[in-house]
Structure formats: C-alpha cells, structure tokens
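Reviewing the structure listed below.
Residue numbers (this note's numbering): 421 to 732.
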C-alpha cells in the first residue's frame, strides 16, 4: 500500500521530487482553500482498496478496506491539523480523560491511569465497578451537523467553520480492485477514513462525554471508554453505575452513536477478602438499557491485590 495513489493517480513521490518547483503554487492553493472555505470535490473523493488479511480469500470478511485520498488533500489536511492541534493544546480544550490522539499519551498511560485508580480503591477497602464501553463503528457514524456544532462550541471562528463544513460535505468513495472500479457513492457521515484530520475531529466529537458522568470517573482511548467508581459495598456501586450509565445512554442517543453490545462488559475489582465477603459468587454488577441496540451484559471478575488484566 506504500506506493498506492489516490483517485487522482498522483503518487506522493512525484510531489516530493518536484517540491522545489511546485512548492509556491501548492502553497497558493492551500491558502486559497483556507481563505475561501472551499475544498475541490476531487480532493474529497476516496479510493477504497480491499487488502487481504488472512484466511479464505473468497470471503469478504477476510479483507480490510484501505481508504486512499489524494496527496494534495493530505497536504492541505496536515496544515489544518497542525493549526487545530495547536489551538486545542493552547486552550487546553481536549479533556485529560482522553489518552488517544494526544502528545505523550498512549494505551500505556490509559492503563496506568485506570489501574492506579482501581488500586487506590482497593487500598481504601472499596470495591471498584467498571463498565467498558465499545462504540460500534464510531468513526464511521459521526454526525456531521453535531461535529460542526462542537467545533463551533470549541471557539472555532465562522470562516474556519465554513472550511470544515466544506471538508465534511459532498464527500464520496469508490472501490478499486485490479483494473475494475465501482461507481462512486456519497459519504454522508463519519470522519474521513485514511485522513489526517479524522482522529482529531473524533476526539473533539467525543470530548464532552466525561461531562455527563458527575459521580464516576471516565477514561478513553479513542472510542474505547471505561466508566468506573469505587464504593464500600456492591448495592451502592450498582446504584451509582446504573445512574451513570443512564446518563451515558442519553448522551449516546443525543449524539447518534451506538454501542457494540458484544464488546461492552461490566467488571468488578477488589481485594480477595473484600470479594469473599459478598453474599454469593453470583453477585455481580447489573445494568440495563432502555433501547434495543443495547443488550444486558454482566460479568463478575475477581482481582487480587496486584491487578492482572485479562488477555484480549
């Protein structure tokens, strides 16, 4: 995929080699796009190439779609990304509860944050209950209208907002296999796959989720989200987590996202003596949801003093 080109068939290497000659015209195009709030339609067209992962090559499920965008669009995006990232960093806009897409943060920092909080709960003699949320196709279901409103709420000015409106609108994609191509279809939601801006835009979209959880802690890595709290006994824990999940469920509905029920689980953490005091081994965190796209899932997990994470 390294040498594949986008819909314009212009390889990145060509632009790199010719940079001394085309740098000024390219800069003019980028500045004109930013000044007018307009992005050419061709720059918003993606060429999707299926890549075989493993197994039976006749099964569609064994292929991973790779979205290829025009190199010029990625150069433009890189310029905008740098400014948007610096803006968010300067104003400290992104929540500290997000470990994804942030400098000096990673899955390791996310795990350290959550495991340290759980350990602290154990040391205080509490049980810690957690709900691990997994959003279904989160990046692909972002509502453009809601995203633009959240960009506006972050302090983005009208002219820049016009540019982002052009960026997310009138996008299309087509599938390319060998010498065959499909008809292009419109992309009406989601952050653009294969884009430079997409991950940061998603972080902005989900940035206000922790605000709805007043009685618990939320931590995220991209769309993978955990809600957790520590209480001295199980009934209090269940009551708080159920209340918090109800608030999260409303946020999910308002933001037109969906949960992947198969990957959303509850877990209970505590020291062995604390867990042994529970009435029966069947005691577990219970939760319910009002909408059919959620299923009732409960899992009881015993954790000793040193937390051992289950394999994924």
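Backbone N, C-alpha and C fix where the C-beta goes; we use that ideal spot for every residue, glycine too.
Quick caveat, the model's predicted, so the values are computed rather than measured.
Cβ-Cβ distance between residue 534 and residue 639 below 8 Å = The residue given as residue 534 occupies position 114 in the chain shown. The residue given as residue 639 occupies position 219 in the chain shown. The answer is yes: Cβ separation under 8 Å.
Straight-line Cα distance separating residue 528 from residue 715 | Along the chain shown, one-based indexing puts residue 715 at 295. Along the chain shown, one-based indexing puts residue 528 at 108. No answer about residue 715 holds up, because its pLDDT of 32 lies below 50 and its placement is not dependable.
Check the DSSP bridge columns for residue 688 and list the partner residues they point to.
-> Position 268 of the chain shown, counted from the first residue, corresponds to residue 688. In the DSSP output, where bridge partners are listed per residue, residue 688 has 549.
Of the residues 694, 494, 628 and 501, which one's Cα is nearest the Cα of residue 674?
-> By one-based count along the chain shown, residue 674 stands at place 254. Among 694, 494, 628 and 501, the Cα nearest to that of residue 674 is on 628.
If you pair each beta-carbon of the region 578-597 with each one of the region 458-472, do three or more pairs fall below 8 Å?
-> yes
Around the Cβ of residue 684, are there at least 16 other Cβ atoms within 10 angstroms (buried) or fewer (exposed)?
-> Translated into the one-based positions of the chain shown, residue 684 becomes position 264. Classification for residue 684: buried.
For residue 540, the residue or residues it bridges with in DSSP = Locating residue 540 in the chain shown gives position 120, counting from the first residue. DSSP lists no partner for residue 540.
Enumerated in chain order, which unbroken segments of the alpha helix (DSSP H) with a length of 4 residues or greater are wholly contained in the region 478-547?
-> 491-510 and 527-543
Which value, in whole angstroms, describes the spacing of the CA atoms of residue 505 and residue 616?
-> Within the chain shown, the letter at position 85 stands for residue 505. Within the chain shown, the letter at position 196 stands for residue 616. Each residue's Cα considered, the two are about 11 Å apart.
Are residue 660 and residue 610 close, meaning C-beta to C-beta below 8 Å?
-> Along the chain shown, one-based indexing puts residue 660 at 240. Along the chain shown, one-based indexing puts residue 610 at 190. No; because the gap between Cβ atoms is not below 8 Å, this pair is not in contact.
Residue ranges of each alpha helix (DSSP H) within the region 425-450, 4 or longer | 432-437
Cβ neighbour criterion (16 or more within 10 Å) applied to residue 433 | By 1-based counting over the chain shown, the position of residue 433 is 13. When all chains shown are included, residue 433 counts as exposed.
If I'm right that residue 646 touches residue 550 with Cβ under 8 Å, what's the distance once you round it to whole angstroms?
-> Within the chain shown, numbered from 1, the residue matching residue 646 stands at position 226. Within the chain shown, numbered from 1, the residue matching residue 550 stands at position 130. Indeed they touch by this definition, with Cβ atoms about 5 Å apart.
Span separating the alpha-carbon of residue 474 from that of residue 480 = For the purposes of this step, residue 474 is taken as the residue at position 54 of the chain shown. For the purposes of this step, residue 480 is taken as the residue at position 60 of the chain shown. Distance between the alpha carbons of residue 474 and residue 480 is about 11 Å.
Pair every Cβ in the region 454-465 with every Cβ in the region 578-588, then say whether three or more of these pairs are closer than 8 Å.
-> yes
Under 6 Å Cβ to Cβ from residue 425, same chain only, skipping five residues before and after it: list those, please.
-> In the chain shown, the residue the question calls residue 425 occupies position 5. Answer for residue 425: 431, listed in chain order.
For residue 453, which of helix, strand or coil comes out of DSSP?
-> By one-based count along the chain shown, residue 453 stands at place 33. Residue state, collapsed to three classes: helix.
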